[in-house]
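Chains as they are written, first to last, in my numbering: chain F, 318 to 713; chain S, 37 to 363.
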């Protein structure tokens with residue numbers, strides 16, 4: 318059995334076409350995704366923007382104006398929200414904006430409120446980081462205006478309230494309006510879902526290894542299988558060798574693909590690499606069992622089985638959201654409207670496995686998905702065993 | 037050999053020297069009968085030929101004997117024991133060269149032979165020696181590092197054979213091993229089979245090439261529609277039929293009267309003339325050629341070439357079934 322197992326490994330490893338689709342193709346596709354989605358990372362990062370500050374008479378009479386700008390400009394490169402360019406008038410500020418040296422200007426209007434004017438170019442930017450930074454600046458300025466307005470109202474109606482330090486602290490604090498909370502185990506990575514869907518598809522593609530491996534072990538599936546069936550080797554050993562070899566090869570291919578996605582392309586799994594590899598072992602068990610089931614179906618030529626495998630993997634990957642945002646929305650829609658159907662999609666389950674690892678604090682969702690994949694694998698394997706149990710055949 | 041083959045009641049009785057004994061084997065594919073109460077008794081140490089046209093049931097019979105196919109009735113004993121899918125001790129003594137080349141395209145010639153040998157022989161040193169012998173036997177030593185994809189059709193067939201015989205079994209079944217093989221490789225294969233047999237191996241050889249079967253087989257079973265239609269040595273089979281020889285005479289000026297006279301000769305079954313060549317099929321007799329030539333000389337026919345061909349197994353098949361082996 319050991320020799321048969323080794324030979325099976327050797328033959329699978331030398332099947333260039335199969336290895337290409339199982340290992341090289343996902344890596345190439347990951348490279349493509351990396352090129353497409355690398356700008357997505359900026360959607361969650363601020364970037365220092367050049368802003369002109371109009372220090373006219375209105376500005377100089379406002380005691381809080383410089384404090385606000387100092388706060389916005391505090392920090393180093395890309396941690397400060399603005400790089401200030403002090404000017405004396407609105408006209409000078411507009412010149413700076415027109416020359417492209419600033420994206421807008423900050424001033425104090427006639428009502429005494431902070432005002433941030435942004436150029437059309439900056440307002441309609443497709444730069445995620447700039448968009449996010451402008452949004453944060455707008456929020457900060459709105460907040461400053463609200464605080465000022467609140468202070469004025471209190472001063473007019475109940476000036477004695479300022480003697481209470483708690484009131485002063487609450488006006489200065491954001492606590493009443495916002496609360497910082499962490500919903501995920503790690504920082505969200507919008508592109509990660511696409512890589513996870515890719516791993517889901519690659520995992521399903523790896524069932525082609527089991528299909529070819531089983532076909533070469535079964536008398537009614539190939540001349541090679543017939544020849545091996547005539548040898549004095551118990552059938553269960555032959556089939557077990559074929560299955561284990563396919564599983565090991567699938568795991569090795571997927572591990573390499575995952576390593577490339579994880580390290581050179583920098584897709585995170587929240588520091589839970591061990592769980593990711595363990596998950597891959599279970600996922601490839603499921604795909605190998607599915608491949609064994611497909612492979613064991615009689616009277617369908619091997620080429621057709623491999624074509625069915627590719628088609629099935631591609632369609633399942635569609636509902637896992639591999640092909641862009643519309644596919645992702647479609648997958649989410651099916652998840653919402655038909656969760657059972659979505660749960661039966663092996664590619665989505667594999668994708669979900671990594672999602673669980675990255676986002677959830679607890680391992681419970683991950684273990685639930687692992688259990689689901691293992692159950693699917695056992696189910697497929699049971700059907701494969703039923704199909705493979707015969708030792709004599711009606712037809713060859 | 038001491039065996040008894042009772043063709044009268046259609047059953048084969050086991051003798052001490054039976055390598056394969058099949059009694060009343062029936063195999064149906066739906067309404068189609070692939071094997072129709074086939075009996076077979078292959079003697080130890082002989083080359084036994086299964087001859088029949090494509091679709092006559094040869095491969096089905098082999099697959100039933102090897103317990104790959106289920107069958108509807110009958111019994112099979114191989115080397116004295118009932119053959120089942122789990123007869124591992126028995127399988128160890130059997131080698132099979134299947135009709136389709138069945139090797140791993142990803143392994144080299146040597147690795148393929150070693151792997152298939154390893155299914156039968158566990159000890160590595162012994163296996164190594166057996167692989168070397170098999171490489172020499174099929175003449176693939178210089179191609180040992182080649183992958184099957186780099187081999188010609190003939191060499192591929194030789195590899196297919198090497199994988200089936202490397203473990204030096206007592207019984208080897210060759211299922212149409214020379215299909216799509218060039219004449220040189222075919223001769224090498226046939227000579228190899230004879231060498232194996234000379235070393236004591238029992239051989240079952242299936243083919244639809246009558247020349248091959250006639251060349252190497254001690255006894256031949258002719259099959260059609262899953263039935264045995266004749267059994268014996270090549271000579272015994274030829275003796276079963278009425279045709280003696282076929283005479284061909286190249287002549288351009290044979291008259292209608294002379295053709296009629298040829299047809300009147302006592303041993304002549306029929307005669308045809310196409311304006312260039314006279315073909316005469318004769319019954320058994322010692323003077324057929326002399327009689328025909330004597331008549332043509334008397335009729336002053338100009339004779340070009342003359343050829344006389346002894347009856348073939350195709351003639352046997354033709355006479356029994358009314359059709360040729362390659363129809």
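Ideal placement from N, C-alpha and C gives every residue a C-beta, glycine not left out. All of these numbers come straight from a predicted model, not from anything done at the bench.
{"Check": "Quick check on DSSP: helix, strand or coil for residue 318(S)?", "Outcome": "strand"}
{"Check": "Can you tell me where the alpha helix (DSSP H) with residue 603(F) in it begins and where it stops?", "Outcome": "590-613"}
{"Check": "Which chain F residues sit within Cβ distance under 8 Å of residue 237(S)?", "Outcome": "Those do not exist, as residue 237(S) stays about 16 Å from chain F at its closest Cβ, beyond 8 Å."}
{"Check": "Provide the residue(s) that pair with residue 313(S) in DSSP beta bridges, ordered along the chain.", "Outcome": "286(S)"}
{"Check": "List the residues of chain F that residue 106(S) touches, going by C-beta distances under 8 Å, in chain order.", "Outcome": "709, 710, 711"}
{"Check": "Which value, in whole angstroms, describes the spacing of the CA atoms of residue 351(S) and residue 272(S)?", "Outcome": "13 Å"}
{"Check": "Let me make sure I understand the geometry here. Which of 344(S), 67(S), 117(S) has the alpha-carbon closest to that of residue 323(S)?", "Outcome": "344(S)"}
{"Check": "Is residue 154(S) close to chain F, meaning its C-beta is less than 8 Å from at least one C-beta of that chain?", "Outcome": "yes"}
{"Check": "Report the residues of the region 57-85 of chain S with a CB closer than 9 Å to any CB of chain F, ordered along the chain.", "Outcome": "65"}
{"Check": "Can you name the start and end residues of the beta strand (DSSP E) that residue 504(F) belongs to?", "Outcome": "Here residue 504(F) belongs to no beta strand (DSSP E), and DSSP marks it neither H nor E."}
{"Check": "Let me check understanding here. Comparing Cα to Cα, which of 543(F), 666(F), 560(F), 463(F) lies closest to residue 136(S)?", "Outcome": "543(F)"}
{"Check": "Near residue 510(F), which residues of its chain fall below 8 Å by C-beta distance, leaving aside the five closest residues on each side in sequence?", "Outcome": "638, 645, 668, 672"}
{"Check": "Would you decide whether residue 643(F) is buried or exposed? Buried here means 16 or more other CB atoms lie within 10 Å of its CB.", "Outcome": "exposed"}
{"Check": "Does the beta carbon of residue 241(S) come closer than 8 Å to any beta carbon on chain F?", "Outcome": "no"}
{"Check": "In the DSSP assignment, the beta strand (DSSP E) including residue 340(F) goes from what residue to what residue?", "Outcome": "Taken as a continuous stretch (DSSP letters only), residue 340(F) belongs to no beta strand (DSSP E), as it is neither H nor E."}
{"Check": "Please state whether the Cβ-Cβ distance between residue 56(S) and residue 74(S) is less than 8 Å.", "Outcome": "no"}
{"Check": "What span of residues does the beta strand (DSSP E) with residue 179(S) cover, start to end?", "Outcome": "From DSSP, residue 179(S) is part of no beta strand (DSSP E); its letter is neither H nor E."}
{"Check": "Mind pulling the chain F residues with CB within less than 9 Å of residue 143(S)?", "Outcome": "324, 327, 328, 331"}
{"Check": "Figure out for me which residue from 365(F), 522(F), 483(F) has the closest Cα to the Cα of residue 445(F).", "Outcome": "365(F)"}
{"Check": "Got a sec, what are the start and stop residues for the beta strand (DSSP E) residue 362(F) sits in?", "Outcome": "Where residue 362(F) is concerned, there is no enclosing beta strand (DSSP E), given that its DSSP letter is neither H nor E."}
{"Check": "Checking contacts by CB at 8 Å: is residue 354(S) closer than that to chain F?", "Outcome": "no"}
{"Check": "Buried or exposed: which applies to residue 603(F), given that a residue is buried once 16 or more other Cβ atoms fall within 10 Å of its Cβ?", "Outcome": "buried"}
{"Check": "Kindly say whether residue 656(F), judged by its beta-carbon, lies nearer than 8 Å to any beta-carbon of chain S.", "Outcome": "no"}
{"Check": "Pick from 290(S), 339(S), 340(S), 259(S): whose alpha carbon is nearest that of residue 72(S)?", "Outcome": "259(S)"}
{"Check": "List, in chain order, every chain F residue whose beta-carbon is nearer than 8 Å to that of residue 102(S).", "Outcome": "547"}
{"Check": "Please report the residue range of the beta strand (DSSP E) in which residue 696(F) lies.", "Outcome": "Careful: residue 696(F) lies outside any beta strand (DSSP E), inside the alpha helix (DSSP H) at 681-705."}
{"Check": "Tell me whether residue 624(F) is buried or exposed, calling it buried when 16 or more other Cβ atoms sit within 10 Å of its Cβ.", "Outcome": "exposed"}
{"Check": "Using a Cβ-Cβ distance under 8 Å, would residue 140(S) count as near chain F?", "Outcome": "yes"}
{"Check": "Assign residue 363(S) to buried or exposed, taking buried as 16 or more other Cβ atoms, counted over all protein chains shown, within 10 Å of its Cβ.", "Outcome": "Unreliable positioning characterises residue 363(S) in this predicted model, as indicated by a pLDDT of 48, which lies under 50. A coordinate reading is not provided."}
{"Check": "Taking only beta-carbon positions, decide if residue 618(F) is within less than 8 Å of chain S.", "Outcome": "no"}
{"Check": "Residue 134(S) and residue 211(S) look like a contact to me (Cβ under 8 Å); what is the Cβ gap, rounded to whole Å?", "Outcome": "6 Å"}
{"Check": "Should residue 416(F) and residue 373(F) be called a contact, given that it needs their Cβ atoms to be closer than 8 Å?", "Outcome": "no"}
{"Check": "Just checking: is the beta-carbon of residue 134(S) within a distance shorter than 8 Å of some beta-carbon in chain F?", "Outcome": "yes"}
{"Check": "Assuming residue 340(F) contacts residue 570(F) (C-beta within less than 8 Å), just tell me the rounded distance between them.", "Outcome": "4 Å"}
{"Check": "Name the two residues that bound the continuous alpha helix (DSSP H) containing residue 676(F).", "Outcome": "663-676"}
{"Check": "Could you check how far apart the C-beta atoms of residue 104(S) and residue 709(F) are, in whole angstroms? I think they sit under 8 Å.", "Outcome": "7 Å"}
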